[in-house]
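*Asks:* Below you will find the structure I want to go over with you.
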Amino acid sequence: MLKPKGRSRRRTPMQIMRGVRRRARRAAGKARRVWRRSLQLRVVTSTLVISVAVVAVLGFFLVQQITTTVVQGRTASAESDALADRATIVAQLNQSLDEVSKQPIPGLDPAQTALNSPIDRAAAVLANRAGESGRYNVIIRNAAAPGEYRATNEIQPRSIPADLHRVVSQGELNETFSRPAELYYYGRTSPEPGIAIGVRVENGYEIYHFFPLTEEEATLSSVRQTLVVVGVGLVALLAAIASLVTRQVVTPVRLARQAAERLAAGRLEERLKVRGEDDLARLATSFNEMAANLAVKIHQLEELSQVQRQFVSDVSHELRTPLTTVRMAADLLYEAREDYDASSARAAELMQNQLERFESMLTDLLEISRYDAGAATLDIDSVDMRDVVLRAVADSEALGEKQGIRFDLRLPGEPCMADIDSRRVERILRNLLFNAIEHGEGKDITVIVGGDRDAVAVAVRDHGVGLRQGEENLVFDRFWRADPSRARTIGGTGLGLAISREDALLHGGWLQAWGLPGEGSQFRLSLPRLAGTELRGSPLPLVPPEIEMRRTWRGHVTPALSPPVPESVLDGGAS
Amino acid sequence: MRARNLGAAGIALALAWSGAACAVIPTQGSPVPVGAAVQGDPLRKPYVRVIAMPPRPEWRPEQVVTGFLAAMASVDDPRWSVARQYLTPDAGHLWRPEAGVTVYEGQLPDAITVTPDAKEITVPLKGTVIGTIDTTGKYHATSAPDGQPLDQPFKLVKGPQGWRITEFPDGLLLNADDIRRSYRAVKLYYLDNQQKGLVVDEVRIRVDPSTDFAESIVNRLLDGATTGLKDAVHNAVPAGTTLHRVSTDDDKIIVDLNEAATNAISTGPGGGSVAAMAAQIGWTLDQLTERWDIEIRVNGEPFYPDGGTLEVGYNTYRAFDPWLVPGKTPAYYLKGGTLQMLHEDDEHVAAVPVPASTDRLGDDYDDFALSGLGPYKLAALHKDHKVISVAPLVQGAQWQQTIAGTSLLRPCWDRYDNLWTVDKLGEHSSRVLRYDGKQVVQVSAPSLEGVDVRELRVARDGVRVAAVVDGEHGTQVLVGTVVVKGSEVRISNFQPFVTAGDGEIKDIAWRDATTLLVLTGGRAGQEVRAVSVTDGTSESFKADARITSITALGDSILAGAEDAADGKREVLRWEAAKSAWVAAAKDDATYPLLPLG
Numbered sequence: 088m089l090k091p092k093g094r095s096r097r098r099t100p101m102q103i104m105r106g107v108r109r110r111a112r113r114a115a116g117k118a119r120r121v122w123r124r125s126l127q128l129r130v131v132t133s134t135l136v137i138s139v140a141v142v143a144v145l146g147f148f149l150v151q152q153i154t155t156t157v158v159q160g161r162t163a164s165a166e167s168d169a170l171a172d173r174a175t176i177v178a179q180l181n182q183s184l185d186e187v188s189k190q191p192i193p194g195l196d197p198a199q200t201a202l203n204s205p206i207d208r209a210a211a212v213l214a215n216r217a218g219e220s221g222r223y224n225v226i227i228r229n230a231a232a233p234g235e236y237r238a239t240n241e242i243q244p245r246s247i248p249a250d251l252h253r254v255v256s257q258g259e260l261n262e263t264f265s266r267p268a269e270l271y272y273y274g275r276t277s278p279e280p281g282i283a284i285g286v287r288v289e290n291g292y293e294i295y296h297f298f299p300l301t302e303e304e305a306t307l308s309s310v311r312q313t314l315v316v317v318g319v320g321l322v323a324l325l326a327a328i329a330s331l332v333t334r335q336v337v338t339p340v341r342l343a344r345q346a347a348e349r350l351a352a353g354r355l356e357e358r359l360k361v362r363g364e365d366d367l368a369r370l371a372t373s374f375n376e377m378a379a380n381l382a383v384k385i386h387q388l389e390e391l392s393q394v395q396r397q398f399v400s401d402v403s404h405e406l407r408t409p410l411t412t413v414r415m416a417a418d419l420l421y422e423a424r425e426d427y428d429a430s431s432a433r434a435a436e437l438m439q440n441q442l443e444r445f446e447s448m449l450t451d452l453l454e455i456s457r458y459d460a461g462a463a464t465l466d467i468d469s470v471d472m473r474d475v476v477l478r479a480v481a482d483s484e485a486l487g488e489k490q491g492i493r494f495d496l497r498l499p500g501e502p503c504m505a506d507i508d509s510r511r512v513e514r515i516l517r518n519l520l521f522n523a524i525e526h527g528e529g530k531d532i533t534v535i536v537g538g539d540r541d542a543v544a545v546a547v548r549d550h551g552v553g554l555r556q557g558e559e560n561l562v563f564d565r566f567w568r569a570d571p572s573r574a575r576t577i578g579g580t581g582l583g584l585a586i587s588r589e590d591a592l593l594h595g596g597w598l599q600a601w602g603l604p605g606e607g608s609q610f611r612l613s614l615p616r617l618a619g620t621e622l623r624g625s626p627l628p629l630v631p632p633e634i635e636m637r638r639t640w641r642g643h644v645t646p647a648l649s650p651p652v653p654e655s656v657l658d659g660g661a662s
Numbered sequence: 036m037r038a039r040n041l042g043a044a045g046i047a048l049a050l051a052w053s054g055a056a057c058a059v060i061p062t063q064g065s066p067v068p069v070g071a072a073v074q075g076d077p078l079r080k081p082y083v084r085v086i087a088m089p090p091r092p093e094w095r096p097e098q099v100v101t102g103f104l105a106a107m108a109s110v111d112d113p114r115w116s117v118a119r120q121y122l123t124p125d126a127g128h129l130w131r132p133e134a135g136v137t138v139y140e141g142q143l144p145d146a147i148t149v150t151p152d153a154k155e156i157t158v159p160l161k162g163t164v165i166g167t168i169d170t171t172g173k174y175h176a177t178s179a180p181d182g183q184p185l186d187q188p189f190k191l192v193k194g195p196q197g198w199r200i201t202e203f204p205d206g207l208l209l210n211a212d213d214i215r216r217s218y219r220a221v222k223l224y225y226l227d228n229q230q231k232g233l234v235v236d237e238v239r240i241r242v243d244p245s246t247d248f249a250e251s252i253v254n255r256l257l258d259g260a261t262t263g264l265k266d267a268v269h270n271a272v273p274a275g276t277t278l279h280r281v282s283t284d285d286d287k288i289i290v291d292l293n294e295a296a297t298n299a300i301s302t303g304p305g306g307g308s309v310a311a312m313a314a315q316i317g318w319t320l321d322q323l324t325e326r327w328d329i330e331i332r333v334n335g336e337p338f339y340p341d342g343g344t345l346e347v348g349y350n351t352y353r354a355f356d357p358w359l360v361p362g363k364t365p366a367y368y369l370k371g372g373t374l375q376m377l378h379e380d381d382e383h384v385a386a387v388p389v390p391a392s393t394d395r396l397g398d399d400y401d402d403f404a405l406s407g408l409g410p411y412k413l414a415a416l417h418k419d420h421k422v423i424s425v426a427p428l429v430q431g432a433q434w435q436q437t438i439a440g441t442s443l444l445r446p447c448w449d450r451y452d453n454l455w456t457v458d459k460l461g462e463h464s465s466r467v468l469r470y471d472g473k474q475v476v477q478v479s480a481p482s483l484e485g486v487d488v489r490e491l492r493v494a495r496d497g498v499r500v501a502a503v504v505d506g507e508h509g510t511q512v513l514v515g516t517v518v519v520k521g522s523e524v525r526i527s528n529f530q531p532f533v534t535a536g537d538g539e540i541k542d543i544a545w546r547d548a549t550t551l552l553v554l555t556g557g558r559a560g561q562e563v564r565a566v567s568v569t570d571g572t573s574e575s576f577k578a579d580a581r582i583t584s585i586t587a588l589g590d591s592i593l594a595g596a597e598d599a600a601d602g603k604r605e606v607l608r609w610e611a612a613k614s615a616w617v618a619a620a621k622d623d624a625t626y627p628l629l630p631l632g
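This is the structure we're talking about:
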């Protein structure tokens, strides 16, 4: 365990608990992810679970079967031994003292061979018959006769099961009962499994035989051990086989997935290796065919697009020359309009206006096609952003005054330097201002400039009709119109915002729009201060602060209660 | 299609194979030699125990006494709690069963008339006491041949639970069957004072079903010798040694001791008594097995600290003391004035003259003794009983006078070539002399100095001494022990073993370290009794009426005989198989001699 550092020592148990829970949740999440992602893991796991269940059930029945067989065999032989002994014991017990042969019992401790009383001789004969290896032990007892209670070797009298004693003492004479029992021995700490066989013979003598089953138990436990080892090995083998088989299937699938991912990323030359003729090989073949077809189609489309762009560019170029001529002629007509009647003069004015518009449209088209061809380049210079904004506002002021619109400028006090192409940024701002004027419905337009260490931003806010949900991105599309029925009042080409976005992107910056119906809209241009650095954030908010504040405040108040709005909340929101 | 066919064929094959049960156990195979497996565990011989049963209310008084006698014989109950139930509570508290065992032979009366309103009754037990076992386990057979009379009345009172015994003396009262069943005679082997010879001690160990019998024996060995031998013997097993367990491994007994046993490596005479310790343990356990090897371990690890095992084979521990299993030793006898070697088969009585002396031995000398180690030395007592001379049995050897006294007894050698004899100074005054090769020393023997000693024999273990004395109890055989403390030697702990009674004790001879042959004569005829000096039991076999002296070594028992009628003398040998004495050397053969005989 790591020694808790100064900081972590201050953590309360609650925090530690929370940390543990968090870590556990993270680990569980990771495990779940691995589980969901790995087909091989799922197949191997289910194989493991099923095979463990099958092996456990089979092993259980196998062990049961073997145990029954072995114990039955031993019980049968024990019972026949006990029955054979009964005759001997009865013969010995019925001998009177005079009849007892003084012949020593072979094999027994010589000191015990000369025992006199019948019960002693009977027990000695049985002890001898059981042998040195202690095949079994015997207890002979006669509850009615004092001192007539003998045992052989170390067997303890409590090995006689109570129910066996009961059935033997109450049962028929010479009827033999047997039952499995725990055998207790002196000098051994724990009882051993065995068979107890009891019988009652004449004169009230009860004879109990105790056959140990220790060898059988050793055999069975070794069998069980073997079965467990074999079962575990079998399960492991099955899991390994499952893993191997799944691997054979999963590897080509994984390769196909990776290839598809690369294909999706645009590497159309990606192909799969085809091995053999199986299903997976056919999958690879189909995949390759699909990839090839896709590549061909995409290539055709690219070519088509190229042709179209070229066509637009060519058309624009080709239109310029006749347009220049037309323009010269129109200029002549326009300058001489006072010589014409009113309607002709009006036509000359109209022609002049529309020609200007036509020209700027051509310029925009050319600019756009330059972007499409990737030919646009930046002319970077370190510029004070405030100057650029002021220039753009000055350009638009005349147009704004025509609509009755005032510009509200909020500029920072200190210079706001950035590496930019001032011509292009000026064009962006101009486009934004034009756009604001066009949709501003005569209300004031706010221009805010902000900057931080990495970026500068300019936001243009109008209070016009605003944008509907989803139109924030559509506004930058070429020739997009929010309301197709509305006429262009100040003669925008429909390409301004598209070009502005291309310009912003060329700088590595963002051009974003926000709008709400009835609340107006705000366009924000964010540019990195240093050319070529990545933009991480903008110094200005996209959503105007007052709108944001209102939204937060609404979220805090439950409409059902609708209490009077506390001043502090408003203040808090404002600050 | 093909695969399906193959699968079906496989299933059919598997079914056919599993159905054919005969193939499970192989019935073919090449012959394999079968080794002789050890049958069972010789350390664990089968035995029969009595289980104590508590008294039942309906039992009659003599049944209660019978039950009590059986409960005392039970080994299941080390605290005799069941036996105490036969006593009244007061008597049960006072009874000390550990105080020793009295062994009797006798019967309770078959039935005792009990009047229905009797509250007290006495059940007499009459018989004979045939021996006692003291607290150290030593068995003492009562010295009278038929034992002492036993009269133990059991007083019983009737209580709510039936009859109970009111008083009973401390100790156990067991009959011979109980002793045979619940006790086992075990020989313990200790060392003599030079730690070169093994001395046998014998105890009765109570069978304890909760302890392995071999472990009981070794534990008893570690406890030390019984009272009579304690001062005379040494134990090579270092003090503080305890036994962990005794186990067997193939034909090997493993004795696991604690770390104190390793002190035997550095202590003892000659720098280490490991061999002596192994011989003690080996001989002690050899009673249970047949010539198995023993290995001594310490805490389950090999005995020696450097990892060397201490494994002692039967031949090694047998060779530690050659006198325990004497090999084939020559027997001599005197014939025609010269010493002759006795051959086993009496068909070839080609007696070889042994070069000892140019004189005719029988003319000058009266009694002889042969030393234990080759080259043998012959000690001879002059006919005037004043001088004992010694000569080695080599060509041209000279007699050398060793002990001189007033009236010397027949000399005898001990295993370290010391010559022992008794000088009778007067009617009731004797002194024991010992010649160690350089000088004669008087050995302190308080029990012998005031009585009339007739014979003195030192046993082959060098510790036990048997003497025939005429004292106030008549003629007795006493057996004592030689205690060596530094330079002081004394004989003490004399115990009477055989009392002649109305007969007479003619001769004694050590058959082996613990068996003394006593030749007794009486009106009923002569008898040779083999007395075990460890527990006092004896067995007798018939003696030829002509026998005048005996000598023995292991299985060979020789006797000098003289026909009372015609005075013909010969040497007889006991044929155990025929259970008869046969002539080994005839024609005036006398003085049969065996080493240390």
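Chains as they are written, first to last, in this note's numbering: chain A, 88 to 662; chain B, 36 to 632.
Cβ atoms here follow ideal geometry from the backbone N, Cα and C, with glycine treated the same way.
None of the values given here were measured: they were computed from a predicted structure.
1) For my contact list, Y174/B and R215/B are in at a C-beta cut-off of 8 Å; report their separation, rounded to the angstrom.
2) CA-CA distance, A134/B and D205/B?
3) State the CB to CB distance for the pair L413/B and V281/B, rounded to an integer number of angstroms; the pair is presumed to be in contact (CB under 8 Å).
4) Over the uninterrupted alpha helix (DSSP H) stretch that includes S138/A, give me the two end residues.
5) Would you please verify whether the beta carbon of G218/A is less than 8 Å from any beta carbon of chain B?
6) Taking only the alpha-carbon atoms, compute the straight-line gap between L406/A and Q395/A and give it to the nearest angstrom.
7) Give the single residue among V337/A, A238/A and A249/A whose Cα lies nearest to the Cα of L126/A.
8) When Cβ atoms are compared, which residues of the segment 83 to 95 of chain B fall closer than 8 Å to chain A?
9) Give a yes or no on whether 8 Å exceeds the smallest Cβ distance from A56/B to chain A.
10) Grouping DSSP H, G and I as helix and E and B as strand, with all else coil, what is A47/B?
11) Give a yes or no on whether 8 Å exceeds the smallest Cβ distance from P244/B to chain A.
12) My understanding is that V480/A touches V534/A, with C-beta atoms under 8 Å, so please give their C-beta distance in whole angstroms.
13) Are D258/B and S251/B close, meaning C-beta to C-beta below 8 Å?
14) Exposed or buried, which one is P90/B when buried takes at least 16 other CB atoms within 10 Å?
15) My guess is that N254/B and L278/B are in contact by the Cβ rule of under 8 Å, so how many angstroms apart are they, rounded?
16) Tell me, to the nearest whole angstrom, how far the beta carbon of R608/B is from that of A596/B; I am working on the premise that it is less than 8 Å.
17) I need the DSSP call for H252/A, collapsed to helix, strand or coil.
18) Counting only runs that start and end within the segment 70 to 151 of chain B, where is the alpha helix (DSSP H) found for 4 or more residues in a row?
19) Could you pull out every residue in the same chain whose Cβ sits closer than 7 Å to the Cβ of Q623/A, ignoring the five residues on either side in sequence?
20) Can you tell me whether F203/B is helix, strand or coil according to DSSP?
21) Check each residue of the segment 230 to 244 of chain A: if its Cβ is closer than 7 Å to any Cβ of chain B, include it; give the result in chain order.
22) In chain order, which continuous runs of the alpha helix (DSSP H) of length 4 or greater are located wholly inside the segment 501 to 567 of chain A?
23) I think E605/B touches A624/B, with their Cβ atoms under 8 Å apart; what is that distance to the nearest whole Å?
24) Can you tell which of H508/B, D598/B, R466/B and T572/B has its C-alpha closest to the C-alpha of A211/B?
25) Would you say L104/B lies against chain A (beta-carbon separation less than 8 Å)?
26) What residues of chain B sit near D207/A, judged by a beta carbon separation below 8 Å?
*Replies:* To lay it out plainly:
1) Against the second sequence, residue 174/B aligns to sequence position 139. Against the second sequence, residue 215/B aligns to sequence position 180. Approximately 12 Å separates the beta-carbon atoms of Y174/B and R215/B; this is outside 8 Å, ruling out the contact.
2) For this step, residue 134/B is matched to residue 99 along the second sequence. For this step, residue 205/B is matched to residue 170 along the second sequence. Pairing A134/B with D205/B, the inter-Cα distance amounts to about 6 Å.
3) As a working mapping, residue 413/B is identified with position 378 in the second sequence. As a working mapping, residue 281/B is identified with position 246 in the second sequence. Going by Cβ atoms, the distance from L413/B to V281/B rounds to 46 Å, so no, they are not a contact pair.
4) As a working note, residue 138/A is residue 51 in the first sequence. The continuous alpha helix (DSSP H) containing S138/A extends over residues L126 to N181.
5) Counted from its first residue, the first sequence places residue 218/A at position 131. Closer than 8 Å: yes.
6) In the first sequence, counting from the first residue as 1, residue 406/A sits at position 319. In the first sequence, counting from the first residue as 1, residue 395/A sits at position 308. Spanning the alpha carbons of L406/A and Q395/A requires a straight line of approximately 16 Å.
7) The count along the first sequence starts at 1 and reaches residue 126/A at position 39. Of V337/A, A238/A and A249/A, the residue nearest in Cα terms is V337/A.
8) Only V83, R84, V85, I86, A87, M88, P90, R91 and W94 from the segment 83 to 95 of chain B bring a Cβ to less than 8 Å from some Cβ of chain A.
9) Working through the second sequence from its first residue, we reach residue 56/B at position 21. Any reading at A56/B is ruled out, since the residue's pLDDT is 48, under 50, leaving its predicted position unreliable.
10) The residue given as residue 47/B occupies position 12 in the second sequence. Three-state DSSP puts A47/B in a helix.
11) Position 209 of the second sequence, counted from the first residue, corresponds to residue 244/B. By this cut-off, P244/B is an interface position.
12) Translated into positions along the first sequence, residue 480/A becomes position 393. Translated into positions along the first sequence, residue 534/A becomes position 447. Contact flag correct, Cβ pair sits at about 6 Å.
13) Position 223 of the second sequence, counted from the start, is the residue given in the question as residue 258/B. Position 216 of the second sequence, counted from the start, is the residue given in the question as residue 251/B. Not in contact: D258/B and S251/B (Cβ atoms no closer than 8 Å).
14) Position 55 of the second sequence, counted from the first residue, corresponds to residue 90/B. Around the C-beta of P90/B, 16 or more other C-beta atoms lie within 10 Å, and the residue is accordingly described as buried.
15) For the purposes of this step, residue 254/B is taken as the residue at position 219 of the second sequence. For the purposes of this step, residue 278/B is taken as the residue at position 243 of the second sequence. At roughly 5 Å, the Cβ-Cβ gap stays under 8 Å, so N254/B and L278/B are in contact.
16) Within the second sequence, residue 608/B is the residue found at index 573, counting from 1. Within the second sequence, residue 596/B is the residue found at index 561, counting from 1. With a contact defined as Cβ atoms closer than 8 Å, R608/B and A596/B miss out at about 11 Å.
17) Within the first sequence, the letter at position 165 stands for residue 252/A. Note: H252/A maps to helix in three-state DSSP.
18) Runs of the alpha helix (DSSP H) inside the segment 70 to 151 of chain B: 96 to 107, 116 to 119 and 124 to 129.
19) Start at 1 with the first residue of the first sequence, and residue 623/A comes out as number 536. The sequence as given places Arg at residue 623/A; Gln does not occur at that position. Hits under 7 Å: D541.
20) Translated into the one-based positions of the second sequence, residue 203/B becomes position 168. DSSP places F203/B in coil when its eight states are reduced to three.
21) Listed by position along the chain: P233, G234, Y236, R237, A238, T239, N240, E241 and P244.
22) Note on the segment 501 to 567 of chain A: whole alpha helix (DSSP H) runs with a minimum of 4 residues are 509 to 526 and 558 to 561, in chain order.
23) Against the second sequence, residue 605/B aligns to sequence position 570. Against the second sequence, residue 624/B aligns to sequence position 589. Correct: roughly 5 Å between the Cβ atoms.
24) Translated into positions along the second sequence, residue 211/B becomes position 176. Among H508/B, D598/B, R466/B and T572/B, the Cα nearest to that of A211/B belongs to T572/B.
25) Sequence index remark: in the second sequence, residue 104/B carries index 69 (1-based). At least one chain A Cβ lies under 8 Å of L104/B.
26) One-based indexing of the first sequence puts residue 207/A at position 120. Within 8 Å Cβ-Cβ: V83, D212 and R216.
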